[in-house]
Amino acid sequence: MEIDKAIRECDDRRLKTKYNNAIYVIKRALALYPVQEVALSFNGGKDSTVLLHLLRAGCFLHQAEEFNSGGDAADGGKTFPIRTIYFESPSAFPEINSFTYEAASIYDIQMDIIRLDFKSGLEALLKANPIRAIFLGVRIGDPTAVGQEQFSPSSPGWPPFMRVNPILDWSYRDVWAFLLVSKVRYCSLYDQGYTSIGSIHDTVPNALLCTRNSDSSEEKFKPAYLLADGRLERAGRAKKNSSTVCGKLSSTSNGLKMENLNSGSMLTASIITVGDEILFGTVEDKLGSVLCKKLHSIGWAVSRVTVTRNDIDSVAEEVERLKSRDDMVFIYGGIGPLHSDVTVAGVAKAFGVRMAPDEEFEEHLRHLIGEKCSGDKNEMALLPEGITELLHHEQLPVPLIKCHNVIILTATNAVELDRQWDCLIELAKSNGILEQMDPFVSKCFATTLSDVEVAQPLSKLCAQFPDLYIGGYRESREGPLIITFEGKDLSRIEAASQSLCQKFHPGAFSKIK
Numbered sequence: 001m002e003i004d005k006a007i008r009e010c011d012d013r014r015l016k017t018k019y020n021n022a023i024y025v026i027k028r029a030l031a032l033y034p035v036q037e038v039a040l041s042f043n044g045g046k047d048s049t050v051l052l053h054l055l056r057a058g059c060f061l062h063q064a065e066e067f068n069s070g071g072d073a074a075d076g077g078k079t080f081p082i083r084t085i086y087f088e089s090p091s092a093f094p095e096i097n098s099f100t101y102e103a104a105s106i107y108d109i110q111m112d113i114i115r116l117d118f119k120s121g122l123e124a125l126l127k128a129n130p131i132r133a134i135f136l137g138v139r140i141g142d143p144t145a146v147g148q149e150q151f152s153p154s155s156p157g158w159p160p161f162m163r164v165n166p167i168l169d170w171s172y173r174d175v176w177a178f179l180l181v182s183k184v185r186y187c188s189l190y191d192q193g194y195t196s197i198g199s200i201h202d203t204v205p206n207a208l209l210c211t212r213n214s215d216s217s218e219e220k221f222k223p224a225y226l227l228a229d230g231r232l233e234r235a236g237r238a239k240k241n242s243s244t245v246c247g248k249l250s251s252t253s254n255g256l257k258m259e260n261l262n263s264g265s266m267l268t269a270s271i272i273t274v275g276d277e278i279l280f281g282t283v284e285d286k287l288g289s290v291l292c293k294k295l296h297s298i299g300w301a302v303s304r305v306t307v308t309r310n311d312i313d314s315v316a317e318e319v320e321r322l323k324s325r326d327d328m329v330f331i332y333g334g335i336g337p338l339h340s341d342v343t344v345a346g347v348a349k350a351f352g353v354r355m356a357p358d359e360e361f362e363e364h365l366r367h368l369i370g371e372k373c374s375g376d377k378n379e380m381a382l383l384p385e386g387i388t389e390l391l392h393h394e395q396l397p398v399p400l401i402k403c404h405n406v407i408i409l410t411a412t413n414a415v416e417l418d419r420q421w422d423c424l425i426e427l428a429k430s431n432g433i434l435e436q437m438d439p440f441v442s443k444c445f446a447t448t449l450s451d452v453e454v455a456q457p458l459s460k461l462c463a464q465f466p467d468l469y470i471g472g473y474r475e476s477r478e479g480p481l482i483i484t485f486e487g488k489d490l491s492r493i494e495a496a497s498q499s500l501c502q503k504f505h506p507g508a509f510s511k512i513k
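In structure tokens:
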């Protein structure tokens, strides 16, 4: 069989392992269910194309084992024995439809064309046919992959069937390695810069593959298999609301909405410190205040700073609470190989995903740690599956970890935090991971007036200037009262501070900042 022969003769050991595991899942499914009771859900995309050819190979090998054949006794798998389901949609790309019907013709596929929504179509199909299991091209990182195993019963409220996911643990790189080694056809859109194909309304070529001719403004795109970072395969899933793709799209990037940089909208961040040693009073957290200042310097308001225990559930609870309230969550502490380093696992639990090995991150760790690690360094390379983006910078020995709108910092002191922050800011200029806005400005005044004397005038100022942060504090009970004005508009701060000074005798307030 040509697929099996191509994979076994290639030099890609990783691909061979992925292939063998997928074939095992397929043969296991065919041993559990008669071929008449299984189906393939095909959508014309790269993942289902891989699955189609894995099933061709798997069916051939399963039949060869059943009949104790030497392997070349069949016809090479030209006739595809598994019922195939295609949900035809008016919003599908014409190229997807054309490729699907072409594949059906080439491989003699018995294809059921369904023009209903997925759930209604399945209900009608399963009512008319004794289908008990459906092969799906779901991979880790897909929105529907969370919580699924290689064999997963359908969700409550859906018609009952077994979801079979042979390529669940395949990466973007694995998919393209298989397609290129096998030399099978795939949809032509992938050669035009599309890396993840949805509908015509929400899919554009991936801007990371865009190339411009210096002599013209014409945009061209490299093929999908040249995308360097597979985690960004869905970067082309954005609404077509921009005339340019190589330029910035107004869309959602990895969980953070990218507004117009000049809109003046307020973005908020929260900071989570993880460490029993801080709660016990053994050490003092010195990074929180530094990070607050850095966020204010790029116009972000910090809504809260919290400290939580070195416990997966505690971290998960705090991340889950804050990730939906703020635009970005920064978390540090509890990173490393110790039993108490549970921050990354807590983030994974907050998003409801599993921890999975990340080969790229493991390679970075291998260069950093070498043979000095006495434990299993593979455990340190377990990252939240399907939601992790590694933030690379030449000044960072190991990439920072970003999971949707949660950034995990590894800094343990102010110097390390300065370095990581500078790298984040530099990265933000090219990929927009952290939007930079007008910075906060502030003025501080000292007074010997009592709290009682200034309380009412300050309350009125807060009502008069709701866009400013106006507050007061004392460094000691006997020392002066410090009044602070913070905001984005210096003229508003000037007006508010002058209004306060005019309510009291000259010299009642002295500017200290």
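At position 132 of the sequence shown (counting the first as 1) the number is 132 in the numbering used here, and the numbers step up by one without a gap.
For every residue, glycine included, the Cβ atom is placed at its ideal position computed from N, Cα and C.
Take the alpha-carbon of residue 266 and the one of residue 95: they are about 42 Å apart. By DSSP's assignment, residue 292 forms no beta bridge with any residue. Contact between the segment 47-56 and the segment 168-181 is present, with at least three C-beta pairs closer than 8 Å. A residue is called buried once 16 or more other Cβ atoms fall within 10 Å of its Cβ, and residue 66, having fewer, is exposed. DSSP, read as helix, strand or coil, puts residue 110 in strand.
Listed in chain order, the non-local C-beta contacts of residue 268 below 6 Å within the same chain comprise 301, 303, 326 and 327, local neighbours out to five positions each way being set aside. Residues 391, 393 and 433 of the same chain have their beta carbon placed closer than 7 Å to that of residue 427, with the five preceding and five following residues left out of the count.
A straight line joining the alpha-carbon of residue 191 with that of residue 400 spans about 31 Å. By the 16-neighbour rule on beta-carbons within 10 angstroms, residue 450 is exposed. Here the alpha carbons of residue 280 and residue 167 stand approximately 46 Å from one another.
Between the C-alpha atoms of residue 128 and residue 135 there is a straight-line separation of about 18 Å. For residue 38, no alpha helix (DSSP H) segment is defined; the enclosing uninterrupted segment is the beta strand (DSSP E) at 38-41.
Here residue 473 is exposed, its C-beta having fewer than 16 other C-beta atoms within 10 Å.
Per DSSP, residue 454 lies in no beta strand (DSSP E); the unbroken alpha helix (DSSP H) holding it starts and ends at 451-464.
Out of 224, 147, 299 and 164, the CA that lies nearest to the CA of residue 441 is found in 299.
Here the C-alpha atom of residue 152 lies approximately 10 Å from the C-alpha atom of residue 133. Here residue 20 is exposed, its C-beta having fewer than 16 other C-beta atoms within 10 Å. Taking one beta carbon from each stretch, the segment 415-430 and the segment 279-298 have 3 or more pairs nearer than 8 Å; the two touch. If you ignore the 5 residues before and after residue 355, its C-beta comes within less than 8 Å of the C-beta of 344, 345, 348, 382, 383, 384 and 385, all in its own chain and listed in chain order. Taking a 10 Å sphere around the C-beta of residue 316, we find 16 or more other C-beta atoms and assign the residue as buried.
Comparing C-alpha distances from residue 122 to each of 148, 228, 479 and 160 shows the shortest one belongs to 160.
Shown here, residue 335 sits in coil according to DSSP, grouped into three states, outside any helix or strand.
With respect to the 8 Å criterion, residue 336 and residue 273 are not classified as neighbours on the basis of their beta carbons. Close CB contacts of residue 112 within its chain, under the 6 Å cut and outside five residues either way in sequence, are with 85 (chain order).
For residue 211, the secondary structure class from DSSP, reduced to helix, strand or coil, is strand. In the DSSP assignment, residue 300 falls within the beta strand (DSSP E) that extends over 300-308. Judged by their CB atoms, residue 237 and residue 196 are nearer to each other than the 8 Å cut-off. Taking the C-beta atoms as reference points, residue 387 is found nearer than 8 Å to residue 351. The beta carbon of residue 395 sits closer than 7 Å to the beta carbons of 419 and 423 from its chain, once the five residues preceding and following it are set aside; these are given in chain order. For residue 80, the three-state secondary structure derived from DSSP is strand.
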